[in-house]
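Undergrad: Protein chains in written order, with the numbering used here: chain A, 1 to 382; chain B, 1001 to 1230.
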Amino acid sequence: MLSLRIAVRFLLKSPIQTVLIVAGIAVGIAVQIFVGSLIASLQSFLIDQTLGSSPHLTLTAKAKGEFIDYNQALRIKLKKNAVVKAVVPQRTVSAIFVKGSQSAPLSIKCADATKLDSIYKLKSKLKGGDYSLGDNEIIVGSDFASGQNVRPGDMIKLTLASRAVKELRVSSIVDLGNKQANETVAFAGTGFGRAALGASVNRYSAVEIQLSQVFQSTAIAKNLAGAFPDITITDWQIEQKSLLSGLQAQSSSTFMIQFFVLIAVALGIASTLSISAIQKTRQIGILKALGMTDGRSGTIFLWQGLFLGFLGSLGGLLLGLGLIAIFSVTAGAKPGSFPITPQTTFVIVSVGIGLAVAMLSAILPSRRTARLDPIEVIQSGG
Amino acid sequence: MADRLLQANGITKVYGSLAPTVALNDVTVSLDHGEFVSLVGQSGSGKSTLLNMLGLLDTPTSGEVRLDDLKTNDLGKRARAGLRNRRLGFVFQFHYLLPEFSVLENVLMPTLISGDNKADALSYGHEVLELLGLSGLENKSATELSGGQKQRVAIGRALMNKPALVLADEPTGNLDTTNTDQVFRLFRQINKDLGTAFLIVTHDRRIAQQTDRILEIQDGKLIQDVLSPV
Ligand SMILES: Nc1ncnc2c1ncn2[C@@H]1O[C@H](COP(=O)(O)OP(=O)(O)O)[C@@H](O)[C@H]1O
Ligand SMILES: [Mg+2]
C-alpha cells in the first residue's frame, strides 16, 4: 500500500489545503443533506396537512345515486396492494336537524368507528366527549355543536330523506379544521347507515381509500379502472391540481439546488487534486525513476480523492445532521412549523455521491500522473 | 553471471524534428561488474543523455542497450521500471529526496517500491545510513538536512536495493570540496566492499583521475576510453 502511504503524506504535507478541501466537500454534502431533508420533511408535512386526513381515492358507482358493490374481488384487489393504507366503505346519509323553528342540514358518513378514524383521524380532533359510534350515536362538527348549542351526551332529532325521524346521542364533537365541514359533516356507525338507507350488506355510497404514497394514486386508479369498469374513481391528483403542481415545483427546485451543489463540490475536488498533482510532479518523477510503475503512481491521486471524499462526506454528514438538530430546536420547534427528520436514504445517497464525485474528480489528475515520464523531471533539473 | 553488466551498441539520440540536435552519435560502450568508471566531457557534450540511456530512463533513437544481456529496447515500461528498481541506482546533481518522508523512509523507498521483506530492508537501511555517517538522523525530515547530508541520503537510497550499477550524474555538482571528497571516498568504499559498479559523470578532471577508467565524450561522440594511469 505504498501509494496509499504516499497519498496520506502528500495530504499531510499541505494540511491547510487538505482541511480547506475537506471543509468544502463537507459543506457541500451538509447542504445536500440539510436541504434535502428539509424539503422532504416540508413535503411530507404539507402532504400530511392537506391530504393526511382525507381519502386519496374515492370509489363510487358509475350510475349516479346507485350504491357501489364492494364485493370480494374488489376487497382482495385492495388488500393485495401494499400502498393501500386504509379502506373505508361508507354510506352517506343526508339528514336535517330540526330544533324548534331552526333546522340545519347534515351529511352523515356512516362506517366502522375504527376505520373512519384511520382516514379522518377523528380521535385526535376530539373537542369533547368520547370517541364512540354505537348504533344510536353520532359525532358532530364543532361549528354545528356551537351553532345549535349541542353538547356531548345530548340527544338530537334528525329527519331523513325518507321522512323518518331518528333520535341519536351525540357521543363527541370534532374539529375538522374547516368551517363548512364543521357545520355540515357528521359521523355515525355502520348500523345506522344501513338502516337509514335500507342498503344491503355489500352496498355502499363510496369506498374511500388512503395510500401510504400519495403520488401513486393515479397509477392505482388506472389499475382499478381496468379491473372494475363500472366504478367511478376520484383521484386527489386530478381533484387538487394546484396542490399537486406546488409539490412538484418544490421537488424540482430541490433537485436543481442539489445538482449545482454537486457540481461545485466536484469542481472543488478536481481543481485541488489537479493542483496537488502538478505540485508533486517532481516527487512522482523520482518515484518512477526509482521503479514505481505508471499504474501504481496513478493510484496515489485516486487514494487522495477517496480520502478527501471520505473525510468530506463524514464531516458533511455530521454537519448536516447538526444543522437539522439545530433547526429542530429553533425554527422547527415554533408552533405552526414542522419537524425536520433526516431522510435516511437521502443521507446515504448524499454521502455515496460525495465519495463517487471525489473519486471521479481524481481520475484526471491520476491519469496525468500515470502518463508522466520520469525523464521530464530528471532533465528539468532542480 | 556473465562478467559483462551493460552493453550499449551504436546508440544515437536525436532531439527534435524541425531543428534536430544529435545529442549522442553512434556511441558503443560496455561496463563490467564491479568497474569504477568516470565519464567526462564539456557541458552539452551528451553525458547526461548517455547516462539516461544506460539507466533505462530514456530510449535511444537508434542502437541498443543490453543490461544483464537483456535487450532492454524490447521491454515494456513496466519491465524497465522493474530493472531500474532492482539492478540500478541513481544519484543526480539534485538530491530529489521526497520532502514528505523521513530520512530513513527516503532511503527505504526502493524497497518500499519493490515490496521486499520489510525487516531485512529495515536493518539494511540502518546499515546503509551508518555507512554514510547518517546514524541518528533517521527520523528527521529530509528537508532538515544540510546539502552534503541530503546527497548522502540520496546515495543511500541508490544503494538500498543492492544494485549492480550506480549511475551518478554530477553527484557533487552542488557540494563543496570537503563534501565532494567525502562522497567520492564513499563511492570507492562501496565499490570495494560490495562490488557495486559505478559510472560517475563529472567535469572535474581531478576526480576523474581517481577512477579506474575514464570515458570522454565530445559533441555526442565517445572520443576516449582509457584505463586510469594510477
Ligand atoms: N530534451 C532535450 N531536447 C532537446 N535537446 C536536448 C534535450 N536534452 C538534451 N538536449 C541537448 O543534447 C545535448 C546534450 O545534452 P546533455 O546530455 O544534457 O549534456 P551534458 O550532460 O554533457 O551537459 C545538448 O546540446 C542539449 O542541449
Ligand atoms: Mg548533464
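In this text, a Cβ means the ideal position worked out from N, Cα and C, and glycines have one as well.
Using a Cβ-Cβ distance under 8 Å, would Thr-299 (chain A) count as near chain B?
TA: It does not: the Cβ of Thr-299 (chain A) has no partner Cβ on chain B nearer than 8 Å.
Undergrad: Return yes when at least one heavy atom of ligand 1 lies under 7 Å from the C-beta of Gln-379 (chain A), else no.
TA: Because some heavy atom of ligand 1 lies under 7 Å away, the Cβ of Gln-379 (chain A) counts as near it: yes.
Undergrad: Is the separation between the beta-carbon of Pro-335 (chain A) and that of Ser-276 (chain A) shorter than 8 Å?
TA: Their beta carbons are not under 8 Å apart, which means Pro-335 (chain A) does not touch Ser-276 (chain A) by this criterion.
Undergrad: Return the first residue and the last residue of the alpha helix (DSSP H) that Asn-960 (chain B) is part of.
TA: Lying before the first or after the last residue shown, residue 960 (chain B) is absent from chain B, which here runs from 1001 to 1230.
Undergrad: Run the CB neighbour count on Phe-255 (chain A), radius 10 Å, all protein chains shown included, and call it buried at 16 or more, exposed below.
TA: With fewer than 16 other Cβ atoms within 10 Å, it is exposed.
Undergrad: Rounded to whole angstroms, what's the CA-CA distance from Phe-1101 (chain B) to Phe-10 (chain A)? Just pull it up for me.
TA: Those two C-alpha atoms are separated by around 9 Å.
Undergrad: Is the beta carbon of Lys-1047 (chain B) within less than 7 Å of some heavy atom of ligand 2?
TA: Yes - ligand 2 has a heavy atom lying nearer than 7 Å to the Cβ of Lys-1047 (chain B).
Undergrad: Please classify Met-1001 (chain B): does DSSP put it in a helix, a strand, or coil?
TA: Because the pLDDT of Met-1001 (chain B) is 47, which lies under 50, any placement of that residue in the model is unreliable, and the number read from its coordinates should be weighed accordingly. Correct three-state label for Met-1001 (chain B): coil.
Undergrad: If the cut is a Cβ gap below 7 Å, which residues of chain A does Pro-1060 (chain B) touch?
TA: Within 7 Å Cβ-Cβ: nothing; Pro-1060 (chain B) doesn't reach chain A, min ~12 Å.
Undergrad: Using only the alpha-carbon positions, how far apart do Leu-197 (chain A) and Ala-111 (chain A) sit?
TA: If you take the alpha carbons of Leu-197 (chain A) and Ala-111 (chain A), they lie about 13 Å apart.
Undergrad: CB Leu-1039 (chain B) to CB Leu-1050 (chain B), shorter than 8 Å?
TA: The answer is yes: Cβ separation under 8 Å.
Undergrad: According to a CB-to-CB cut-off of less than 9 Å, which residues of the region 281-292 of chain A neighbour chain D?
TA: Protein chains in the displayed structure are A and B, and chain D is not among them.
Undergrad: Run through DSSP, which three-state label would Arg-1066 (chain B) get?
TA: Strand, per DSSP.
Undergrad: For Leu-2 (chain A), which residues in chain B fall below 7 Å Cβ to Cβ?
TA: Simply Leu-1112, Ile-1113.
Undergrad: Quick one: grab the DSSP three-state call for Met-155 (chain A).
TA: Strand, per DSSP.
Undergrad: Between which two residues does the alpha helix (DSSP H) holding Thr-299 (chain A) run?
TA: First-last of the alpha helix (DSSP H) with Thr-299 (chain A): 294-329.
Undergrad: Under 8 Å between C-beta atoms, does Asp-48 (chain A) make it to chain B?
TA: No, because no Cβ of chain B sits closer than 8 Å to the Cβ of Asp-48 (chain A).
Undergrad: Taking the straight line between their C-alpha atoms, what separation do you get for Ile-139 (chain A) and Leu-106 (chain A)?
TA: Their backbone Cα atoms lie some 11 Å apart in a straight line.
Undergrad: Arg-91 (chain A) bridges to which residues according to DSSP?
TA: A:Cys-110.
Undergrad: Give a single yes or no on whether Glu-1170 (chain B) has its beta carbon closer than 7 Å to a heavy atom of ligand 2.
TA: Yes, ligand 2 has a heavy atom inside 7 Å of this Cβ.
Undergrad: Could you tell me whether the region 71-86 of chain A touches the region 220-237 of chain A, using the rule of 3 or more Cβ pairs below 8 Å?
TA: They touch, by the three-pair rule.
Undergrad: Can you tell me whether Ile-1155 (chain B) is buried or exposed? The criterion is at least 16 other CB atoms within 10 Å of its CB, across all chains shown.
TA: Answer is buried; the Cβ neighbour count reaches 16.
Undergrad: Output, in sequence order along the chain, the residues in the region 8-35 of chain A whose CB is closer than 7 Å to any CB in chain B.
TA: From the region 8-35 of chain A, only Arg-9, Phe-10, Lys-13 have a Cβ closer than 7 Å to chain B.
Undergrad: Quick test of your reading: Ala-1164 (chain B) and Leu-1005 (chain B), contact by CB under 8 Å. State the CB separation rounded to the nearest angstrom.
TA: At roughly 6 Å, the Cβ-Cβ gap stays under 8 Å, so Ala-1164 (chain B) and Leu-1005 (chain B) are in contact.
Undergrad: Going by DSSP in three states, Arg-367 (chain A) sits in which element: helix, strand or coil?
TA: Three-state result, Arg-367 (chain A): helix.
Undergrad: Are there 16 or more other CB atoms within 10 angstroms of the CB of Ser-172 (chain A), so buried, or fewer, so exposed?
TA: Per the 10 Å Cβ criterion, buried.
Undergrad: Can you give me the Cβ contacts of Ala-221 (chain A) inside the same chain, cut-off strictly under 7 Å, excluding the 5 residues immediately before and after it?
TA: Here the set comprises Leu-57, Ile-233, Asp-235.
Undergrad: Provide the residue(s) that pair with Gln-1224 (chain B) in DSSP beta bridges, ordered along the chain.
TA: According to DSSP, which records beta bridges pairwise, Gln-1224 (chain B) is partnered with B:Glu-1216.
Undergrad: With C-beta atoms as the reference, is Val-375 (chain A) less than 8 Å away from Ser-41 (chain A)?
TA: In the sequence as displayed, the identity of residue 375 (chain A) is Ile instead of Val. Cβ distance not < 8 Å, so Ile-375 (chain A) and Ser-41 (chain A) don't count as in contact.
Undergrad: Tell me whether Gln-1012 (chain B) counts as near ligand 1, meaning its Cβ is closer than 7 Å to at least one heavy atom of that ligand.
TA: According to the sequence displayed, residue 1012 (chain B) carries Thr and not Gln. Every heavy atom of ligand 1 is 7 Å or more from the Cβ of Thr-1012 (chain B), so no.
Undergrad: Mind checking if Pro-374 (chain A) is an interface residue toward chain B, Cβ cutoff 8 Å exclusive?
TA: Judged by the 8 Å Cβ criterion, Pro-374 (chain A) is in contact with chain B.
Undergrad: At least one CB of chain A closer than 8 Å to the CB of Met-1001 (chain B): is that the case?
TA: Any reading at Met-1001 (chain B) needs caution, since the residue's pLDDT is 47, under 50, leaving its predicted position unreliable; the model's value is listed next. Taking Cβ atoms only, chain A never reaches closer than 8 Å to Met-1001 (chain B), which makes this a no.
Undergrad: When Cβ atoms are compared, which residues of the region 1182-1216 of chain B fall closer than 9 Å to chain A?
TA: Correct list: empty, as no residue qualifies.
Undergrad: For the beta strand (DSSP E) containing Glu-208 (chain A), list its first residue and its last residue.
TA: Start and end: 206-211.
Undergrad: If you draw a straight line from the C-alpha of Asp-1074 (chain B) to the C-alpha of Gly-1089 (chain B), how long is it?
TA: Each residue's alpha carbon lies about 21 Å from the other.
Undergrad: Considering Thr-234 (chain A), what are the terminal residues of the beta strand (DSSP E) in which it resides?
TA: 231-235 is the extent of the beta strand (DSSP E) around Thr-234 (chain A).
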